[in-house]
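Numbering (this note's numbering), first residue to last: 2 to 122.
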């Protein structure tokens, strides 16, 4: 028993560490990982379908104030909002929201779209 442990100890003393030094060496996330919700306000029509589909009630679109609010610490990264967005304004980005003692709430302002000019007869 002691010989096995001694051999393992000696082999580990001269080997590179298996773990990463996380802050210094950032983690590479695979392509299929669901990290955090990214929002592109340029195409948003403020329909709030994403907010209705969200099981955690972490996203809300408010048409009168033209804002979209994402509560990062409430989001469970299920991607239901991304799948349900008719204009594809939402996407899942790599990486996760860093832990924080305060709740992170991102609020985006959606710019008004120019209405197409009416054709005159």
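Each residue gets a CB set at the ideal place from its N, CA and C atoms; glycine is no exception.
query                                                                        : result
Under the three-state DSSP convention, the category residue 50 falls into    : helix
Beta-carbon proximity check, residue 79 vs residue 102, cutoff 8 Å           : no
Residue from 16, 17, 18 and 83 with nearest C-alpha to residue 52            : 83
Cβ pair residue 42, residue 110 closer than 8 Å                              : yes
Length of the line joining the Cα atoms of residue 62 and residue 46         : 9 Å
Assigned exposure category for residue 69 - 16 Cβ within 10 Å defines buried : buried
Assigned exposure category for residue 38 - 16 Cβ within 10 Å defines buried : buried
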